[in-house]
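This report concerns only the one structure given below.
Numbering (our numbering), first residue to last: 23 to 96.
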């Protein structure tokens with residue numbers, strides 16, 4: 023995903039405090055919609071082992087970015 027991000031968009035998102043992984047996750051969710059953690063990892067290029075920590079940070083620290091959806095574990 024990060025190879026598709028125009029530099030000016032990435033720079034703007036960095037300026038508001040997002041990390042590279044947060045940017046990849048954010049733009050993946052915007053473009054592809056809701057998905058589970060494994061799908062998000064595959065689509066964004068963010069390691070699966072980091073997905074939950076990054077999503078938690080985006081939800082709690084940057085509340086305007088994402089909202090958790092209730093679902094059953096797969």
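For each residue, glycine too, the CB sits at the ideal point set by N, CA and C.
Residue i to residue j, Cα distance in whole Å?
i, j, result
"residue 24", "residue 31", "Because residue 24 sits at a pLDDT of 45, beneath the cut-off of 50, its placement in the model cannot be relied upon, and the point is left open."
"residue 38", "residue 65", "23 Å"
"residue 45", "residue 74", "15 Å"
"residue 84", "residue 48", "11 Å"
"residue 27", "residue 54", "14 Å"
Is it the case that the Cβ atoms of residue i and residue j are separated by a distance below 8 Å?
i, j, result
"residue 50", "residue 62", "yes"
"residue 59", "residue 43", "no"
So, is residue i buried or exposed, given that buried needs 16 or more other C-beta atoms within 10 angstroms?
i, result
"residue 52", "exposed"
So the candidates are the options; which of them puts its Cα closest to the Cα of residue i?
i, options, result
"residue 56", "77, 41 and 40", "77"
Under the criterion of a Cβ to heavy atom distance below 7 Å, does residue i qualify as lining the ligand SAM?
i, result
"residue 53", "The ligand SAM is absent from the structure shown, which contains no ligands of any kind."
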